[in-house]
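This report concerns only the one structure given below.
2 protein chains.
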Amino acid sequence: MHGLMMGCPLNISGILKHAERNHPNGKIVSREVTGGVFEYTYRDASIRARKLANALRNLGVVQQDRVATLAWNTHRHFELYFGVSGSGSILHTINPRLFPEQISYIINHAEDQVLFVDLTFIPLLESVYSSLNYLKHVVVLTSEEHMPTTSELPLLCYETLLNEASSNFEWPDLDENSAASLCYTSGTTGHPKGVLYSHRSTVLHAWACSSRDALGIANDTTVLPVVPMFHVNAWGVPYSATMSGGTLVLPGAGMDGNSLYELIDGYQVNLLLGVPTVWLALLQHCQKNELTLSSVENVVIGGSAAPISMIQEFKEKHNAFVMHAWGMTELSPVGTVNSMNRYMASLDQHAQYQLQAKQGRSVFGIEMKIIDSEGNVLSHDGQAFGRLLVRGPWVATSYYKHEDRSAWIDGWFDTGDVATIDEHGYMSIVDRAKDVIKSGGEWISSIDLENAAMGHPAILECAVIGVPHPKWDERPLLLVVPKEGANPTQDEVLNFLSGKVAKWWLPDSVVFVDQLPHTATGKLLKMKLRETYRQALMSD
Amino acid sequence: MHGLMMGCPLNISGILKHAERNHPNGKIVSREVTGGVFEYTYRDASIRARKLANALRNLGVVQQDRVATLAWNTHRHFELYFGVSGSGSILHTINPRLFPEQISYIINHAEDQVLFVDLTFIPLLESVYSSLNYLKHVVVLTSEEHMPTTSELPLLCYETLLNEASSNFEWPDLDENSAASLCYTSGTTGHPKGVLYSHRSTVLHAWACSSRDALGIANDTTVLPVVPMFHVNAWGVPYSATMSGGTLVLPGAGMDGNSLYELIDGYQVNLLLGVPTVWLALLQHCQKNELTLSSVENVVIGGSAAPISMIQEFKEKHNAFVMHAWGMTELSPVGTVNSMNRYMASLDQHAQYQLQAKQGRSVFGIEMKIIDSEGNVLSHDGQAFGRLLVRGPWVATSYYKHEDRSAWIDGWFDTGDVATIDEHGYMSIVDRAKDVIKSGGEWISSIDLENAAMGHPAILECAVIGVPHPKWDERPLLLVVPKEGANPTQDEVLNFLSGKVAKWWLPDSVVFVDQLPHTATGKLLKMKLRETYRQALMSD
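As structure tokens, this is what we get:
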């Protein structure tokens, strides 16, 4: 017997409709690619999103067509989030940090019909344009006065299209399981793989993330997502903020410390979201200029783990609480958030920092388990570690037009991470399954070693990789980028690590480098490092 | 094209599973019907809910069977919320304040197989037992030592059933649209009508209500729902609190000022939920004993409107913020909440009070519109008023085993309320459609008149009804319950109202009474008053 409740579908347009009705004057702030900061309201954005929906129709776009973006976090990109998905087309956000051949591949793979592009990315687009097989229109996200005059591409102007379109548009009621947006993983091997989100998964994810036990986005929040709208929907923040009418501050192309500080201070931002490298730059900017992030209450850090020193610096210099969040493209992306709660509040400051270093507890909707190599479920005791499997209504069930099902086991998604889960539900990533170092039959966590090394005052960034070893199969090698002006030695670093990790974990060698390679989304490209240093320990 | 996301169904058991994994030590406090206060954790409750699921099987209960409760807000009732629905049966919560013949009617109408009953309600059950056609078992919510010895009913003991049951139970994955619980409206005419909630509607409602822009229930919340678990699931609080691991304080049968104060102060409750009459008693208790509700931050008031004087008293004497919530059994029940937000925060205190008197903005998921008598949609300008229609995924689409579809119009539910909605989305109930007073072709809001009269210091409670009038069709009559020791006169009251309402709204007569009749859920029974005073103005 079914309940007798309305079958109202969960639609992305419903989020914007709610905003227009309930917090029309809520503010969206956007740093323009052409300079200056633009401000308007959810009401304004709603009107323009409806115009956009009509403009898409005028361009011949029909429901389920893929519409691509190559764009920064701006108000126009925000309009595309709702105008494209809300009208029933599929928003394909492209990560401009992918290699050009990957960008060409995914635009063709998605069969994108129209591409909306920021001025910044026109040279990139020009370099791949001739290889694109389905694209009918390119729209530049600017006004007539800033339209490029020298490009040979057939370019349309976004503001002109909007000006010509009516704002009368009824958002259609769509099947909540219909596809809403598409994002390709930045995978380090093979072609990028597409994750196809539904309206349902997007709305449920936004609901879950808004919770005070997750990201905590409400009407009185002023949120600055430095996490990009071109990758996994900026962790869903554009949806969550719109749901609540919180002030949304979009940084455009300005990811440097100075530009970010200007927005944070100018708009009294209280919630930040981004990857550690961005915060490294911001904290350095603050240090150098003796500035404090006085309005900031919470800093959500994901993408890769924040070192405890960063967690401490935010707390002790800026009175800002760092919450780790963990997720993946395949998880829309949020799986866990390490928000403040009664248990954490009961700990002393030192224990709090230790706990904050974990990835956090699953947000309601996500289930997690860890399994050993035979598939046995391991206990949640904070000690046992195994492959992390997840499931939930915003977890991918397969890749878009892709045969590979190897990451799915009995209805669970294998994250490729190795993790522990403790009795309070706190998950801690031990390592990527492929990065864990197998030394003489035992496992060494490259991440734990990196976190320990990052405590050294002379180290700006570091990476630990397992490299082939004649006796132990693999041994850890530590690569270090020293801070400006610092000149640490191998002995100093190894002495520093002694006592902080098991003796047999100590790296066999420390290599000092100027920089480390990263993936398009800022993750350490360890595969490349392993190739480079393949022979490093073979002469022992 | 569908998104490629997991089809994980939203299940009520998922809420409890999440709690067991992520906040096992979160606390549930419960005042026992037999005296004393019981405390345990979400982990304990989870284990017992699984035992209960097995106990139900042992009693022969199968999926979709209806299982009834006649019970207070206690930990055992909490276990039934999850044990019954989670295992796939349907929880039918019975309002003991219904008339015995209504109780007999709904138990038969629902075809309840098993009834769980608090000691308090055994005499009530005895009075109707012989008329029950489907009931196979009666289980008393107590331990062996408190089992009644004189009853002639075949009574089972709850604690004994649990002791005999295994705690090994895998919550089944249920179709999210399957029925989960059933609640009958306390309707003033005809038989009560059943609203059948689904797992999906319950989970979505809990998510929406948890939001800081709604009830704001998070891990650090200590919530005391005085709203009963026997009617519309205590506004969903048992689900929302479990979702977040907030401390849940259940008042049992102790709804008086003293019992409530004891729990509030003893457990440092920061969120209260209840109807105005309960708070009237609590505030009087505080006044009389010079007590302050120092831990309380928010007081959610629904069921009927709180007078501004009550909103002021909570603020000025207890520094507690009153949030109106509005809903109905057919809405699971929450439709709007008047939570603090940027807009309200920008107003001065006087304007805030005025705004707080409104019913609030729709929670995300609920859409509202107002229509005139011809069905035209009225504008959201705070002035136009018309019948309030709603829709959303937790709004009823029909009644259980009932033909009447008169409350549904083109996919919207007609609430039977007359309301305004302003440009910020604030909905304000003007009146029940059947209570609005039609005087000479114009409408007078009985509720506005009552609110104005409640400002008089000598008035404890009042009601305004429209009674037949030879010249104007209907005119307002004001019924007043004076405060203890106060002796207001008709002239005093009318003078007080002059200037506060339009002159032609002034009641034609003021009648002083000792008490006013209420429905089972605490609403004024105006139908009865209209019958009693039908002739009051006909002699004019």
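Listed in order, the protein sequences are those of chains A and B.
Last residue of the first sequence? That's 540 in the numbering used here, and every number before it is there in order.
Last residue of the second sequence? That's 1080 in the numbering used here, and every number before it is there in order.
All C-beta atoms in this analysis are idealised placements derived from N, C-alpha and C, irrespective of residue type, glycine included.
Does residue i come out as helix, strand or coil in the three-state DSSP assignment?
| i | result |
| --- | --- |
| residue 880 of chain B | coil |
| residue 504 of chain A | helix |
| residue 553 of chain B | helix |
| residue 718 of chain B | strand |
| residue 965 of chain B | coil |
| residue 513 of chain B | This structure does not reach residue 513 of chain B, given that chain B is present from 541 up to 1080, and the question cannot be answered. |
| residue 608 of chain B | strand |
| residue 736 of chain B | strand |
| residue 860 of chain B | coil |
| residue 586 of chain B | helix |
| residue 731 of chain B | coil |
| residue 909 of chain B | strand |
| residue 301 of chain A | strand |
| residue 74 of chain A | coil |
| residue 120 of chain A | helix |
| residue 540 of chain A | Note that residue 540 of chain A has pLDDT 49, beneath the 50 cutoff, so the model's placement of it is unreliable and no number is given. |
Can you name the residues of chain A whose CB is closer than 7 angstroms to the CB of residue i?
| i | result |
| --- | --- |
| residue 736 of chain B | 3, 4 |
| residue 962 of chain B | What residue 962 of chain B touches in chain A: nothing, since even the nearest Cβ is about 11 angstroms away. |
| residue 940 of chain B | 4 |
| residue 558 of chain B | 364 |
What residues of chain B sit near residue i, judged by a beta carbon separation below 7 angstroms?
| i | result |
| --- | --- |
| residue 243 of chain A | 904 |
| residue 298 of chain A | Chain B residues near residue 298 of chain A: none, gap ~13 angstroms exceeds 7 angstroms. |
| residue 387 of chain A | Here the premise fails: no neighbours, minimum Cβ distance about 18 angstroms. |
| residue 326 of chain A | Correct list: empty, because the minimum Cβ distance to chain B is about 14 angstroms. |
I'd like the list of long-range same chain contacts for residue i, defined as Cβ closer than 7 angstroms, with 5 residues on each side in sequence excluded.
| i | result |
| --- | --- |
| residue 96 of chain A | 70, 121, 124, 230 |
| residue 353 of chain A | 308, 311, 312 |
| residue 201 of chain A | 332, 393, 394 |
| residue 359 of chain A | 324, 326, 336, 338, 427, 428, 429 |
| residue 748 of chain B | 754, 903, 904, 905 |
| residue 252 of chain A | 30, 31, 32, 33, 72, 73, 74 |
| residue 486 of chain A | 458 |
| residue 808 of chain B | 762, 835 |
| residue 367 of chain A | 390, 391, 392 |
Residue i and residue j look like a contact to me (Cβ under 8 angstroms); what is the Cβ gap, rounded to whole Å?
| i | j | result |
| --- | --- | --- |
| residue 3 of chain A | residue 720 of chain B | 6 angstroms |
| residue 819 of chain B | residue 840 of chain B | Not quite, the Cβ-Cβ distance comes to about 10 angstroms (not below 8 angstroms), so this is no contact. |
| residue 1046 of chain B | residue 1057 of chain B | Going by Cβ atoms, the distance from residue 1046 of chain B to residue 1057 of chain B rounds to 24 angstroms, so no, they are not a contact pair. |
| residue 242 of chain A | residue 479 of chain A | That pair is no contact at about 42 angstroms. |
Can you list, in chain order, the residues of its chain whose CB lies under 6 angstroms from that of residue i, leaving out five sequence neighbours each side?
| i | result |
| --- | --- |
| residue 118 of chain A | 33, 71, 72, 141 |
| residue 1072 of chain B | none |
| residue 1075 of chain B | none |
| residue 440 of chain A | 472 |
Tell me, please, which residues DSSP counts as bridged to residue i.
| i | result |
| --- | --- |
| residue 1002 of chain B | B:1020 |
| residue 1007 of chain B | B:1015 |
| residue 1052 of chain B | B:1020 |
| residue 959 of chain B | B:926, B:969 |
| residue 5 of chain A | B:936 |
| residue 184 of chain A | A:194 |
Could you work out which residues of chain B lie near residue i, taking near to mean beta carbons separated by less than 9 angstroms?
| i | result |
| --- | --- |
| residue 395 of chain A | 545, 546, 548 |
| residue 218 of chain A | 751, 752, 753, 756, 879, 881 |
| residue 24 of chain A | 963, 964, 965 |
| residue 180 of chain A | 543 |
| residue 201 of chain A | 543, 545, 546 |
| residue 235 of chain A | By Cβ distance, chain B contributes nothing, its closest Cβ being about 17 angstroms from residue 235 of chain A, past 9 angstroms. |
Since residue i meets chain A, which of its residues come closer than 8 angstroms, beta carbon to beta carbon?
| i | result |
| --- | --- |
| residue 632 of chain B | What residue 632 of chain B touches in chain A: nothing, since even the nearest Cβ is about 13 angstroms away. |
| residue 932 of chain B | 6, 8 |
| residue 1082 of chain B | Residue 1082 of chain B lies beyond the stretch modelled for chain B, which goes from 541 to 1080, so this question has no answer here. |
Is residue i close to the ligand COA? I mean its beta-carbon at under 7 angstroms from any heavy atom of the ligand.
| i | result |
| --- | --- |
| residue 178 of chain A | Only the bare structure without any ligand can be found here, which leaves the ligand COA out of the picture. |
Sorted by chain position, which residues of the same chain lie with C-beta nearer than 8 angstroms to residue i's C-beta, five sequence neighbours on each side aside?
| i | result |
| --- | --- |
| residue 733 of chain B | 724, 725, 727, 939, 940, 942, 944 |
| residue 722 of chain B | 606, 630, 631, 632, 633, 650, 734, 735, 736, 737, 940 |
| residue 169 of chain A | 50, 51, 53, 54, 87 |
Taking C-beta pairs closer than 9 angstroms, name the residues in chain A that residue i reaches, listed in chain order.
| i | result |
| --- | --- |
| residue 1083 of chain B | The structure shown does not extend to residue 1083 of chain B, since chain B spans only 541 to 1080, so no value can be given for it. |
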